[in-house]
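Have a look at the structure below, then the notes.
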Amino acid sequence: MQDITIGAFWAMAGEMLGAAFWPLVLLIAALALLDFVGLVRGPKRVGRRSWLLALGIGAAAGIAAMLAAPGITQSSLAQVVTVTDWLFLVALGLGVALAVGLALVALLSLRRATEA
Numbered sequence: 037m038q039d040i041t042i043g044a045f046w047a048m049a050g051e052m053l054g055a056a057f058w059p060l061v062l063l064i065a066a067l068a069l070l071d072f073v074g075l076v077r078g079p080k081r082v083g084r085r086s087w088l089l090a091l092g093i094g095a096a097a098g099i100a101a102m103l104a105a106p107g108i109t110q111s112s113l114a115q116v117v118t119v120t121d122w123l124f125l126v127a128l129g130l131g132v133a134l135a136v137g138l139a140l141v142a143l144l145s146l147r148r149a150t151e152a
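Counting from 1, position 35 in the sequence shown corresponds to residue 71 in the numbering used here; the numbering is continuous, with no gaps.
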């Protein structure tokens with residue numbers, strides 16, 4: 037079990053994602069920074085339309101991630117056949133939808149704070 041390290045997981049992710057690895061790492065870092073800035077500035081009231089917009093865009097991003105994941109990992113959607121594969125895709129889609137939705141809510145609250 038000594039061979040399973042963070043570096044090994046990092047190398048596996050780089051192998052699976054290929055050229056998309058570093059852009060995804062930068063995107064995740066940008067989203068984390070955006071959420072941090074939103075936390076530092078304090079919570080602002082976000083309207084119902086903003087929540088619905090964030091929910092809709094997050095859901096679209098989740099579905100797009102579910103459809104793109106097999107291709108990004110050098111597989112195909114035709115090879116997604118087992119229950120485990122489908123559960124992974126659903127979990128991936130939900131995670132992406134949640135991350136994008138929360139990042140958009142933070143962004144919209146920052147926009148709302150500058151307008152007020």
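We put the CB at the ideal spot given by N, CA and C, even for glycine.
Around the beta-carbon of L144, 16 or more other beta-carbon atoms lie within 10 Å, marking it buried. Taking 8 Å as the upper bound for CB-CB distance, A97 and V136 are in contact here, some 4 Å apart. Between A44 and A95, the C-beta spacing is not below 8 Å.
Ranking P106, A65, D121 by CA distance to the CA of M52 puts P106 first.
Here the C-alpha atom of M102 lies approximately 20 Å from the C-alpha atom of M48. The shortest CA-to-CA distance from A139 to any of L91, D39, W46 is the one to L91.
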